[in-house]
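A short write-up of the structure that comes next.
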Amino acid sequence: MNIFRWLERKIFLGEVVQDYGTIQDQRKGVARLRTSVLLCRRDGQLQFVFRNVGTAPLGASVNYTKIDVTPETLRRLGEILLDAHKHSDVSHAP
Numbered sequence: 022m023n024i025f026r027w028l029e030r031k032i033f034l035g036e037v038v039q040d041y042g043t044i045q046d047q048r049k050g051v052a053r054l055r056t057s058v059l060l061c062r063r064d065g066q067l068q069f070v071f072r073n074v075g076t077a078p079l080g081a082s083v084n085y086t087k088i089d090v091t092p093e094t095l096r097r098l099g100e101i102l103l104d105a106h107k108h109s110d111v112s113h114a115p
């Protein structure tokens with residue numbers, strides 16, 4: 022593991038329980054934007070971490086969005102995904 026990955030896990034993520042990989046990868050001109058999802062444990066608390074990485078020839082940025090994993094957040098995320106799936110089916114219908 023390179024030093025940047027080690028620092029990222031030590032400072033921002035904690036223990037990575039599951040890496041769900043990249044869910045979005047797009048290019049905008051010379052920039053590349055990637056979003057990945059990880060399940061992490063930090064201070065005994067499970068969290069979903071959405072990691073947004075932007076790279077360009079002259080720089081890069083990383084942004085983390087963390088959501089605590091609780092029964093309530095899991096229920097709510099499930100509702101959101103079902104609703105989005107329903108809307109997606111309608112918009113992609115022939």
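If you're matching positions, the sequence shown starts at 22 in the numbering used here and goes up one per residue. All residues carry an ideal CB built from backbone N, CA and C; glycine is no exception.
Indicate whether at least one CB of chain B lies closer than 8 Å to the CB of A77.
Note that chain B does not occur in the displayed structure, where there is just one protein chain.
If we count the other Cβ atoms within 10 Å of its Cβ and call it buried at 16 or more, is Q68 buried or exposed?
buried
Using 8 Å as the Cβ pair cut-off and three pairs as the minimum, do the stretch 77–87 and the stretch 97–104 touch?
no
Between the beta-carbon of G35 and the beta-carbon of R55, is there less than 8 Å?
no
Candidates S57, H106, G65, I88: closest to G75 by CA position
S57
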